[in-house]
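Protein chains in written order, with my numbering: chain A, 1 to 326; chain B, 1001 to 1517; chain C, 2001 to 2371. All residues carry an ideal CB built from backbone N, CA and C; glycine is no exception. Just so you know, these numbers come straight off a predicted model, no measurement behind them. Notes follow the structure.
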Amino acid sequence: MDIFINFFNAAVLAGTPLLFGTLGEILTEKSGNLNLGVEGMMFMGAVSGLAAVFLLEVGLGIEIAGALAVLIAIAGAFIAGALGAFIYSVLVVSLRTQQNVTGLALTIFGIGFGNFFGEYFGRTSPIGFMTVSLSARQGFSNLSIPVLSDIPILGPLLFSYNILVYLAVVIAVAMAFFLSRTRWGLNLRAVGENPATADAASINVTRYKYLATCIGGGICGIGGMYISMVTTSGVWVHNSVQGFGWIAVALVIFATWSPKRALVGSLVFGGLTVMRFYVPLGIPMQIYDTFPFLATILVLIVTSIRQIKEHSPPAQLGINYFREER
Amino acid sequence: MQPAIQTHNLTKTFDQVVANDRVSFDVRRGEILALLGENGSGKTTLMNMLFGIYFPDSGEIEVGGKEVSILSPKDAYDLGIGMVHQHFKLVDILTAADNIVLGLDTGALLNRKAYTQEIREISERYGFGLDPEKKIYNMSVSEKQTVEIVKVLYRGAEILILDEPTAVLTPQETERLFVTLRNMREDGKAIVIITHKLHEVLAVSDRVHILRKGKSIATVNTAETNQQELTEMMVGRSISLKIDRPVCEKCCDKLDIKGLNCLTPDGVKALQNVSFTLKAGEILGVAGIAGSGQKELCEALAGLYPVASGSVMFCDEDEGKIELAGKTPKEIARLGVSMAFVPEDRLGMGLVANMDMTDNVMLRYYDKGKGPFVDRKSSRTLAESLIEQLAIVTPGVSKPVRRMSGGNVQKVLLGREIASAPEVLIVAYPVRGLDINSSYTIYDLLNQQKQKGVAVLFIGEDLDVLLELADRILVLCGGQISGIVDAAATTKEEVGLLMTHVPGSDTDKPVEEVSSS
Amino acid sequence: MSQTSTSTVTRAEHKVPLMRIARRNTMPHLQAWLIRGGGLLCALLMGALLIASLGHNPIAVYADMINSAFGGRIGFNETVRIAVPLLGAALAVGLAFKMKFWNIGAEGQILVGAIAATYFALFQFDNLPRPVLLITMGLAAAVAGGIWGLIPAFFRAKWGTNETLFTLMLNYVAFGIILYLQSDPWRRPGTDFPIIDMFDLSARLPRLFGIHIGWVLVLVLTVLVHLYLARSKQGFQLSVVGQSENTARYAGMNVGRVIMRTMLLSGAIAGFVGFMQVSGADFTLNETTAGGVGFTAITVAWLSHLNPVIMILVAFFIAILERGSIRIQTTFMIPATIATVLIGIILFFMLACEFFINYRLIFRGKKGAES
């Protein structure tokens, strides 16, 4: 039982950055923008969230309290991710560039951005790498919620995570509600399904695309920050995001564009990334580490073989909309 | 009485093309105005300006006597203008009700119960029989049109613009639509119906405004005009609207189709037990409401759609019968059967929009020569001779075909196919979107082929054309043949009935439910 | 229900949109390339801003970059050495992109090619004479890379499986395989470090003018790919498939076969690049053998508009950037990863350029003044 709880805990912790990335990309894709730059935006968020706290601490010569550090990191990461998405939006929505290539460009840029600034700020630090104070780091440690955390089994299973895990779950639930029950959610879906129709219904297609893409990018950025703050414990590690952003893009397909199913998907894939510590199969560890990627391939194949109408991508995904095109 | 809408000298230019040139017209409350013009005369551009999709380069629009500026569809709705587009503006995965309230300012949360009820009430008041909770992708074409009309009414539109509303309807559905339009007229609404079908203009409108090449030609009272006069104003000269129908000369069987069945990828029957013969030297017209299996029939014959069962026999004079069912286009060609197919989607299937005319001609011949390399030279020569023979207007053989007008694109496609000297020619909606002149050129080309002894299968949507051009008409209904009639002896109503009923089917009720009442 | 209200938009507010967008007919080639040149300039200016904001003189930094890339024989040779795999991989992805098959797995295809070549270099070097060994290595690399490219193509052809993610995921798998080989089966005997032995001399590519002859091979490859795309039936087929699969089917092409054949070729070229890397540049196999070349090649291919001949220039340009940024890491203490940032910025600007080539903007007042 303990092993299972530990495995479950590790899976949740490893799956959370994926969940952020997947949720951000779901929101983006609902607007019809297929932003392949998730990896790039996560890199941008990862370095910016960490750097925001790091620079404040170095600049002011203080140690920032945990709760405040969390807020600062979230803000920094969100802004950076949204900035990446904004560049994408300007290019794709306003300048009508090809979505795949633009997303790849954003990935290249974001990886460079993350590694460059991670390294650059590291050099300015007296200890030679970028890190934050212990007090700031405590904001990202696992919570101990009175009463709830003490419930046997359920406590450690559900109420023993860091604050970002709960934030991700709240975003997932809120996004599901937003998409199905609110007017803006309905409008957004219409924009992704059929922008010409949305336009004719006097929905501002451009605004929806920009907003959904930028907010989605911001959420991806938080996912990146999770890696630099939680996974690598507040230390900048070169190429730390590697691959997570891409798996998140694939998880959107796995989740069939539903925020609720994204919860399941990220848990499964989080589990795959940590499985070798809990489920010994006697396979070389380097091969074990490719499991999430092999599983992604499997998901891609299976979802392409059995396609269901209700679970299809937004109809105009990846296609730019020009009102006056004739 | 003050007009509901009046335009003064509206002008709109795309690139170098003047789509609307100083267009002025008006429509009053309680009347139906027909906006008549051929394809490409600027009707849709004009309506898109009224609805805020395009913004005019110059000119004014007055609504209720006040000059207005319509920057977006929202402005149009605020002014009480509603539009039913030719291509429905509906989101497939949403319900009718969600589509109807889409874009409305009704508070942050959706109150599905309330608006579904409101919509049900409107539907009952006008007798539409619409189920607000049905998803669009489960609807028939005429149901979708109903959703569009209810949408416009729900938004309180006083001025309704309908763009080619009958293009996709059967004669019976058209009649029903006209009844509703008249009801709305009695209700005091101003209605504009855009069309190029003269008999509909005469049947439903009070006044007609005629557009030609983007210019206003005249406004006339429907009661004081006739088909001939309207045609002259529309085309600019007096032309005979009669399409030739040369007599079938050597009418031997060419294709013998027996018990053809096809399934869609979802396993639904797209074609059901289809049997007929296509004769050399005849034009066999195919009628049916959109999506009744026309596309599948063409593609199955051309080897592009999987055949579940049945046979397609090609009758060769020398070699006897050859089975074509289940063969790929390449295999069919290898058997020595020369089949040509002009698909419905010209730029998406028949041609490559971004390639030039040479490469598009080469599409059919690239594999002919020996060796690993293509022979562009002979395709270029053929392209140049097509330009000359068919008077194709193009900036040059090395410019992408997407830059050409619809009529010229069709000439390239049809010309290329005819140049391959086919024995069987399948054409799907060959005049869709073409102006009258181009259309008649196409009819002539088809008749020439017919006289050469080619077996022509003509998928059409305009029943009037089918009745005049074809020798026989095959009617499809829900993937089945509901009848094959002699074009010279039948009537539009008979064909219209066959489009929705398969005689002798169990209950004799419409195969595709028109309304859920 | 909203009431008709004419008051919302009245004459007083009569206005024309500030700006409208219209498609251009065609722009002369010269003008188009001038715009692209301008875009590149803007991108370099942005880069200069970034450098200046770090407290360095951008002119000095750029000058140092160019200097290091051309300065002296070694600098130039080094630049060419970087350009060779870039050009090769760009040819590979260019073939696939022409077919609108988003092969972003060149990285993995290079790696498996390198693995196959390394197998022969490590275990067969004393059995075969040098030319035979090298040819075997090259062929093995091409076959391995081809198969790696064929896998996603097969699923895409059969079920339409998303190839973008598929090819990408295979990169990580190839990466994992190399890490595994390094860690145990192919580890240099007598060491605990995960490294693979250096190749025997007979498994190394010969040199010509001081650079391994990969540069000759890749130039020959460029000409071949150019001919293939512009003149061959297969090249025509893959172009048509890229434009419209429906049309391709209509024209009697076997779309699935074209996709698989093209990806076999694309993967094979990338695999061959892997061979050139291990046999010409590194003389061993490790996790940095591909070193992001597969990704940067996407940039090269796209910036060249998939034209193989232009790829030569673009690959060389990117090589200058990369070479230069390694240099400024030591002279200015600017992390070399700035090359990736600069490439990203250049890509953004070059993408934006296409808009101004294809569309024109019409501003309010321009037309009004005439009438």
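DSSP bridge partner residues for residue i (one or two, in chain order)
i, result
"residue 1119 of chain B", "For residue 1119 of chain B, which the question treats as bridged, DSSP gives no partner whatsoever."
"residue 1370 of chain B", "Answer is none; residue 1370 of chain B lacks a bridge partner."
"residue 1547 of chain B", "Chain B is shown only over 1001 to 1517; residue 1547 of chain B falls outside these bounds and no answer can be derived."
"residue 1400 of chain B", "B:1356"
"residue 1060 of chain B", "B:1008"
"residue 2359 of chain C", "C:2023"
"residue 1309 of chain B", "B:1261"
"residue 1033 of chain B", "B:1192 and B:1207"
"residue 1339 of chain B", "B:1424"
"residue 1483 of chain B", "B:1475"
"residue 1225 of chain B", "Looking at the DSSP assignment, residue 1225 of chain B forms no beta bridge with any residue, so it has no partner."
Buried versus exposed, by CB contacts within 10 Å (16 or more), residue i
i, result
"residue 20 of chain A", "buried"
"residue 2132 of chain C", "exposed"
"residue 1106 of chain B", "exposed"
"residue 269 of chain A", "buried"
"residue 1488 of chain B", "exposed"
"residue 1007 of chain B", "buried"
"residue 2014 of chain C", "Note that residue 2014 of chain C scores 42 on pLDDT, short of 50, meaning its location in the model is unreliable and no value can be drawn from it."
"residue 1509 of chain B", "Note that residue 1509 of chain B scores a pLDDT of 43, beneath 50, so its modelled location is shaky; the value from the coordinates is reported in the next line. Classification for residue 1509 of chain B: exposed."
"residue 1516 of chain B", "The pLDDT assigned to residue 1516 of chain B is 35, lower than 50, so where the model puts this residue is not dependable, and the model offers no usable value."
"residue 2003 of chain C", "At residue 2003 of chain C, the pLDDT of 38 sits below 50, so the modelled position is not reliable; the number obtained from the coordinates is stated separately. Residue 2003 of chain C comes out exposed."
"residue 1037 of chain B", "buried"
"residue 2010 of chain C", "Model confidence at residue 2010 of chain C stands at a pLDDT of 36, short of 50, so the residue's coordinates are unreliable and nothing is read from them."
"residue 2335 of chain C", "buried"
"residue 1472 of chain B", "buried"
"residue 1216 of chain B", "buried"
"residue 1087 of chain B", "exposed"
"residue 2337 of chain C", "buried"
8 angstroms contact criterion, which residue i and residue j should meet: CB distance rounded
i, j, result
"residue 108 of chain A", "residue 2055 of chain C", "Rounded, the Cβ-Cβ distance is 25 angstroms, inconsistent with contact."
"residue 2031 of chain C", "residue 2271 of chain C", "In fact, because the Cβ distance is near 40 angstroms, the residues do not count as touching under 8 angstroms."
"residue 947 of chain B", "residue 1127 of chain B", "Examination of residue 947 of chain B is not possible in this model, given that chain B is present from 1001 through 1517 alone."
"residue 1074 of chain B", "residue 312 of chain A", "So it is not a contact: roughly 29 angstroms between Cβ atoms."
"residue 1136 of chain B", "residue 1099 of chain B", "6 angstroms"
"residue 1992 of chain C", "residue 2346 of chain C", "Absent from the structure is residue 1992 of chain C, since the part of chain C shown begins at 2001 and ends at 2371."
"residue 1352 of chain B", "residue 1359 of chain B", "7 angstroms"
Chain A residues whose Cβ lies nearer than 8 angstroms to that of residue i
i, result
"residue 2184 of chain C", "284"
"residue 2259 of chain C", "The contacting residues do not exist; residue 2259 of chain C stays about 14 angstroms from chain A at best."
Within 7 angstroms, strictly: CB atoms of residue i and residue j
i, j, result
"residue 48 of chain A", "residue 75 of chain A", "no"
"residue 1148 of chain B", "residue 1220 of chain B", "no"
"residue 251 of chain A", "residue 34 of chain A", "no"
"residue 2153 of chain C", "residue 2275 of chain C", "no"
"residue 1433 of chain B", "residue 2246 of chain C", "no"
"residue 2063 of chain C", "residue 2324 of chain C", "no"
"residue 105 of chain A", "residue 2283 of chain C", "no"
"residue 97 of chain A", "residue 213 of chain A", "no"
"residue 229 of chain A", "residue 67 of chain A", "no"
Partners in chain A for residue i, counting only beta-carbon separations shorter than 9 angstroms
i, result
"residue 1072 of chain B", "199, 202 and 204"
Where residue i meets chain B, residues with beta-carbon distance less than 9 angstroms
i, result
"residue 193 of chain A", "1091, 1092, 1093 and 1094"
"residue 187 of chain A", "1102 and 1103"
Proximal chain A residues relative to residue i, where beta-carbon distance stays under 7 angstroms
i, result
"residue 1053 of chain B", "323"
"residue 2168 of chain C", "246"
Where residue i meets chain C, residues with beta-carbon distance less than 8 angstroms
i, result
"residue 1328 of chain B", "2252 and 2254"
"residue 243 of chain A", "2172"
Within chain C, the residues that residue i reaches when beta carbons sit closer than 7 angstroms
i, result
"residue 1304 of chain B", "2249 and 2250"
Contact list for residue i against chain B, beta-carbon separation under 7 angstroms
i, result
"residue 182 of chain A", "1108, 1109 and 1110"
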